[in-house]
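Working notes, beginning with the structure itself.
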Amino acid sequence: MASVKVKFRPSTAGSREGSIYYQVIHGRIVRQIKTGYRIYDTEWDKRTSSVRKQNGTGEDRKRYLFEVAEHIDWDTRRLRAIAAQCERQGGIYSADSIVEKFNGQTDEQSLSCFTQNIIGQLKLLGRVRTSETYTAALSSFMKFRDGHDILLCEMDGNTMMLYEAWLKGKGICSNTISFYMRTLRAVYNRAVEKGLTEQMNPFKHVYTGIGKTVKRALPLKAVRHIKELDLTQKPHLDYARDMFLFSFYTRGMSFIDMAYLKKSDLKNGVITYRRRKTGQLLTIKWERCMEEIIAKYGENATCYLLPIITNPSLDERTQYRNAICRINVALKEVANMAGLHIPLTMHVARHCWASVAKSKNIPLSVISEGMGHDSEETTRIYLASLDTSIVDKANSLILRDL
Numbered sequence: 262m263a264s265v266k267v268k269f270r271p272s273t274a275g276s277r278e279g280s281i282y283y284q285v286i287h288g289r290i291v292r293q294i295k296t297g298y299r300i301y302d303t304e305w306d307k308r309t310s311s312v313r314k315q316n317g318t319g320e321d322r323k324r325y326l327f328e329v330a331e332h333i334d335w336d337t338r339r340l341r342a343i344a345a346q347c348e349r350q351g352g353i354y355s356a357d358s359i360v361e362k363f364n365g366q367t368d369e370q371s372l373s374c375f376t377q378n379i380i381g382q383l384k385l386l387g388r389v390r391t392s393e394t395y396t397a398a399l400s401s402f403m404k405f406r407d408g409h410d411i412l413l414c415e416m417d418g419n420t421m422m423l424y425e426a427w428l429k430g431k432g433i434c435s436n437t438i439s440f441y442m443r444t445l446r447a448v449y450n451r452a453v454e455k456g457l458t459e460q461m462n463p464f465k466h467v468y469t470g471i472g473k474t475v476k477r478a479l480p481l482k483a484v485r486h487i488k489e490l491d492l493t494q495k496p497h498l499d500y501a502r503d504m505f506l507f508s509f510y511t512r513g514m515s516f517i518d519m520a521y522l523k524k525s526d527l528k529n530g531v532i533t534y535r536r537r538k539t540g541q542l543l544t545i546k547w548e549r550c551m552e553e554i555i556a557k558y559g560e561n562a563t564c565y566l567l568p569i570i571t572n573p574s575l576d577e578r579t580q581y582r583n584a585i586c587r588i589n590v591a592l593k594e595v596a597n598m599a600g601l602h603i604p605l606t607m608h609v610a611r612h613c614w615a616s617v618a619k620s621k622n623i624p625l626s627v628i629s630e631g632m633g634h635d636s637e638e639t640t641r642i643y644l645a646s647l648d649t650s651i652v653d654k655a656n657s658l659i660l661r662d663l
């Protein structure tokens, strides 16, 4: 196994800074790696071969020494990781090959850099939503690390359990914790496939399941009540209510599909579009209630049908995300005005349509097709906890006989 040492070479002129370099030793062959880090002789601890971080005469110098020490720590960890990788892969390797990999692939073995590469690839493939999930998971983990990166080979079970505990301490719900863990696990497994680290199962003892959440759906009576609210004096609530109703009218169309629904998708009294989540092609008969909402907001300056992405000069994704945030906030107020006691969101409209369809004994296959699910099994899972009224009635009958 190769060894790595940090060395300091004093300046020949005693009053000037000396230089720090690394030694990579393998098979009695010694190779050096120069660095751009320069410090004075008094700032080097010969006994520990490290920088004296508190030896600066001023705050700026102390900060510089701290940064140098951080860089040295990161560089040496990378060098040892490269050496360990060469050892795992077997075959003949040398001090020269370690140095070559270090100089040519500076940050490939760091979690942040490797994840950013994946994010870049996802964006090129047009998988923007997936890239955002990777970005969110990485951002969360880096906050846990106080901004300090970690090598892929340093991701062990203890680190991930500490991260899980940190998330719980922040009050993060279990499904969100699982979301972050599963995303980071996907990144880690890709790194294992590339041979950047060995499989150490760091996620074995943290939660990566999907807990059952309470699905909130409104009865048709409540949807009708929302529709009949007088919101003429509150245009932002009126707009949010209209977007909610449009989703319900269109069999629970997801908001992202609504945002990117084009004028050209409406032809001969039929909307034809592909779900951005699954790519499934769906067709919906154009109804008068849908037309009333479109007519209410007039002509959109963009190619899109609904007034969600409205400014051609601004980033479309940003407009979509801002719109969903504003609408969901407004829908909470709409719910209060309607006397509802659930957190109303755009996604509730999708649950509503499925629940109402189920209550009218519409076949599962029809509900599945209407919602654009890949299979009826997905629809079963989706409907499983939407409406417990039948079970509640059965329980009441049983309890009456006590």
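Numbering (the numbering used here), first residue to last: 262 to 663. Ideal Cβ positions, reconstructed from N, Cα and C, are used throughout, including at glycine.
Buried or exposed: residue i, going by 16 or more other Cβ atoms within 10 Å of its Cβ?
i, result
"residue 414", "buried"
"residue 612", "buried"
"residue 339", "buried"
"residue 385", "exposed"
"residue 575", "exposed"
"residue 568", "buried"
"residue 528", "exposed"
"residue 617", "buried"
"residue 310", "exposed"
"residue 346", "buried"
"residue 448", "buried"
"residue 482", "exposed"
"residue 312", "buried"
"residue 290", "exposed"
"residue 484", "buried"
"residue 342", "buried"
"residue 401", "buried"
Going by C-alpha distance, which of the options is nearest residue i?
i, options, result
"residue 523", "557, 482, 539 and 571", "571"
"residue 349", "263, 277 and 324", "263"
"residue 422", "311, 281 and 466", "466"
"residue 459", "344, 362 and 267", "344"
"residue 433", "512, 630, 405 and 585", "405"
"residue 457", "375, 521 and 618", "375"
"residue 497", "594, 437 and 277", "594"
"residue 541", "267, 273 and 533", "533"
"residue 526", "566, 388, 275 and 355", "566"
"residue 455", "622, 402 and 379", "379"
From the DSSP output, in three-state form, read off residue i for me.
i, result
"residue 280", "strand"
"residue 382", "helix"
"residue 329", "helix"
"residue 292", "strand"
"residue 343", "helix"
"residue 535", "strand"
"residue 431", "coil"
"residue 526", "helix"
"residue 547", "coil"
"residue 300", "strand"
"residue 399", "helix"
"residue 269", "strand"
"residue 521", "coil"
"residue 565", "strand"
"residue 497", "helix"
"residue 412", "strand"
So, using beta-carbon positions, are residue i and residue j closer together than 7 Å?
i, j, result
"residue 360", "residue 294", "yes"
"residue 490", "residue 633", "no"
"residue 515", "residue 610", "no"
"residue 370", "residue 412", "yes"
"residue 383", "residue 391", "yes"
"residue 469", "residue 443", "yes"
"residue 625", "residue 605", "no"
"residue 292", "residue 279", "no"
"residue 303", "residue 281", "no"
"residue 463", "residue 418", "yes"
"residue 536", "residue 614", "no"
"residue 428", "residue 438", "yes"
"residue 329", "residue 298", "yes"
"residue 441", "residue 398", "yes"
"residue 333", "residue 267", "yes"
"residue 547", "residue 530", "yes"
"residue 520", "residue 581", "yes"
"residue 686", "residue 326", "Since the displayed the chain opens at 262 and closes at 663, residue 686 lies outside it and no answer follows."
"residue 410", "residue 435", "no"
Quick one: is residue i near chain D, going by C-beta distance under 7 Å?
i, result
"residue 464", "Protein chain content of the structure displayed is limited to a single chain, and chain D is not contained in it."
Whole-angstrom Cβ separation of residue i and residue j, contact assumed at under 8 Å?
i, j, result
"residue 517", "residue 502", "In fact, because the Cβ distance is near 19 Å, the residues do not count as touching under 8 Å."
"residue 607", "residue 628", "About 19 Å separates the two Cβ atoms, so there is no contact after all."
"residue 283", "residue 357", "Not really, about 14 Å apart at Cβ, beyond 8 Å."
"residue 603", "residue 596", "7 Å"
"residue 510", "residue 564", "Not a contact, Cβ separation roughly 21 Å."
"residue 499", "residue 506", "Not a contact, Cβ separation roughly 11 Å."
"residue 453", "residue 578", "31 Å between Cβ atoms; not a contact."
"residue 562", "residue 573", "6 Å"
Can residue i be considered in contact with the ligand PLP, in the sense that its beta carbon sits closer than 6 Å to one or more heavy atoms?
i, result
"residue 292", "By its list of ligands, the structure shown contains no ligand whatsoever, and the ligand PLP lies outside what it can speak to."
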